[in-house]
Structures are given as structure tokens and as C-alpha cells.
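Undergrad: Under the numbering used here, the letters of the sequence shown match residues 96 to 287, in that order.
Before I ask anything, let me first share the structure, which is written out below as C-alpha cells.
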Amino acid sequence: MKVAVSASAPSLDAPVDPRFGRCAYIIIVETDTMQFEALQNPAQYAGGGAGIQLAQIVASKGVKAVLTGNVGPNAYQALSAAGIQIITGVSGTVREVVMKFKSGELRTVPSPTVPPHYGMGMGMGRGRGMGMGRGMGRGMGIGMFQQPVVPGVAAPPTQMTREQEIQMLKNQMKLLQEQLEQIKKRLKDLEK
């Protein structure tokens with residue numbers, strides 16, 4: 096059976112990325128042999144619809160289950176429509192969660208685990224403008240966009256336990272630390 100796992104790097108020993116639509120990589124694993132294909136997520140920095148785009152890719156690969164930290168409503172709907180089992184709240188390495196899946200330790204979720212636009216972060220970045228001048232560019236980052244509070248309208252439930260949220264935040268912190276190290280390394284290389 097083929098399963099897809101959101102990951103921070105293209106390896107079975109990579110940590111699970113807690114975000115589905117905006118994960119860095121999606122690892123497709125054949126559970127019987129542990130053979131895998133690592134795909135960089137082309138929708139990671141999409142302006143919108145990242146979860147739907149990644150769900151379509153996963154479905155086209157014949158995946159029967161998705162293992163991830165969280166899944167938003169659009170991705171949930173697209174995966175469900177394709178008949179793909181959705182398992183959230185997982186953490187550890189890709190290999191560890193696949194083994195837990197194989198042993199029956201993981202359960203399908205009945206609904207999305209995050210509200211719309213979760214994981215969309217906007218930041219300012221420096222970009223080159225037209226001509227000789229410098230312009231301000233748009234940057235994408237990891238963030239938690241909070242939906243506006245509308246009086247009389249309940250926010251969608253996140254259905255995350257305290258332990259799952261702690262693990263998700265630890266995973267996000269690790270990813271940010273890895274990204275910071277990559278940025279430092281690239282900056283050092285450029286300054287040589």
C-alpha cells in the first residue's frame with residue numbers, strides 16, 4: 096500500500112513536517128517494501144490552494160493514506176474525495192510513522208484539524224525592482240494566520256490535543272532552526 100508522509104527533508108529519517116499543504120517534501124512510501132519516492136512540494140509557497148494542489152499530486156500517485164501533522168479543510172475535502180485515508184497528529188521521523196501506520200497504531204480523522212489559511216505566513220523580503228532601483232518583495236514564511244473573530248460565529252474546532260500541539264510546535268521550531276542554519280550557511284557562502 097502506498098502512503099504519503101509530509102516531511103521536512105527527502106529521506107525516511109527526516110522529521111514529519113506538521114503541515115500538509117505547505118510541507119517541504121512529500122514522501123511516498125510503499126509500506127510492504129519501504130521503497131520511497133521523495134517529491135519536493137511544488138505548492139509549498141503557492142499563494143493559495145497549496146493543500147488542494149498537493150492532494151491532487153498525492154492522488155495521482157495512487158496513495159491510499161496521508162500521514163501528517165495537520166490538514167486544512169480544502170486539502171481534507173480533496174483527499175477525502177479521492178478516497179484517501181487521512182491521519183493527522185503524527186510526529187517523529189517518516190520511517191517511524193510509517194511503521195506505526197503498518198502496526199495499526201494510527202487512526203483516521205473525521206474532519207480537518209486546522210481552520211482555513213493555517214500555515215499561511217506573510218513576511219517582507221527584499222527584492223529587486225525593475226531597473227536600477229531596489230524594491231520590496233513579498234516573502235512567504237511559516238506562520239499561523241488567525242482567522243478573524245466574528246461575533247456569534249464559532250471558530251472551527253482544531254481537534255488537537257495538548258500533546259499534539261506541543262509536538263507540532265516542537266516540530267515547527269526544529270524546522271525553523273534548520274531553515275535558519277541553511278540561511279546562515281548561504282549568507283556565509285555569499286559573503287566569501
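Just so it is clear, CB atoms sit at the ideal spot from N, CA and C, and this is done for glycine as well.
From M268 to V100, what does the alpha carbon distance come to, in whole angstroms?
TA: Within the sequence shown, residue 268 is the residue found at index 173, counting from 1. Within the sequence shown, residue 100 is the residue found at index 5, counting from 1. In this structure, the alpha-carbon of M268 lies about 19 Å from that of V100.
Undergrad: By the 10 Å Cβ neighbour count, where 16 or more other Cβ atoms means buried, how is S103 classified, buried or exposed?
TA: Residue 103 sits at position 8 when you count from the first residue of the sequence shown. The residue in question, S103, is buried, as its Cβ has 16 or more Cβ neighbours within 10 Å.
Undergrad: Please state whether the Cβ-Cβ distance between L107 and V189 is less than 8 Å.
TA: The count along the sequence shown starts at 1 and reaches residue 107 at position 12. The count along the sequence shown starts at 1 and reaches residue 189 at position 94. Yes, the pair counts as a contact, with Cβ atoms nearer than the cut-off.
Undergrad: Out of G157, P168 and D284, which one is the CA nearest neighbour of F115?
TA: Within the sequence shown, residue 115 is the residue found at index 20, counting from 1. It is P168 whose Cα lies nearest to the Cα of F115.
Undergrad: Identify the residues that DSSP records as bridge partners of E125: which are they?
TA: The residue you call residue 125 lines up with position 30 of the sequence shown. According to DSSP, which records beta bridges pairwise, E125 is partnered with K97.
Undergrad: Under DSSP, the alpha helix (DSSP H) around F115 begins and ends at which residues?
TA: Taking the sequence shown and counting its residues from 1, one reaches residue 115 at position 20. Segment: none, F115 is in no alpha helix (DSSP H) and carries neither H nor E.
Undergrad: My output table needs one value for G230: the three-state DSSP class, helix, strand or coil.
TA: For the purposes of this step, residue 230 is identified with residue 135 of the sequence shown, where counting begins at 1. Its pLDDT being 39, under 50, G230 is placed unreliably by the model, and nothing is read from it.
Undergrad: Quick one: what's got a C-beta closer than 7 Å to A141's C-beta in the same chain, skipping five residues either side?
TA: The sequence position of residue 141 within the sequence shown is 46, counting from 1. Same-chain partners within the cutoff: Q148.
Undergrad: Considering only the beta carbon of each residue, do S186 and G164 sit closer than 8 Å?
TA: In the sequence shown, counting from the first residue as 1, residue 186 sits at position 91. In the sequence shown, counting from the first residue as 1, residue 164 sits at position 69. Taking 8 Å as the Cβ cut-off, S186 and G164 qualify as a contacting pair.
Undergrad: Look at the alpha carbon of N208 and the alpha carbon of F196, and state the distance between them as a whole number of angstroms.
TA: The residue labelled residue 208 in the question sits at position 113 within the sequence shown. The residue labelled residue 196 in the question sits at position 101 within the sequence shown. Reading the sequence as shown, one finds Thr at residue 208 and not Asn. Cα-Cα distance, rounded: 19 Å.
Undergrad: Could you check what DSSP says for I182 in three-state terms: helix, strand or coil?
TA: Taking the first residue of the sequence shown as position 1, residue 182 is located at position 87. Three-state DSSP puts I182 in a strand.
Undergrad: So for A133, helix, strand or coil by DSSP?
TA: As a position in the sequence shown, residue 133 is number 38, starting the count at 1. Here A133 sits in strand by DSSP.
Undergrad: So A304 and P105 are supposed to be a Cβ contact under 8 Å. How far apart are they, rounded?
TA: In the structure displayed, the chain extends from 96 to 287; residue 304 sits before or after that span and is not available.
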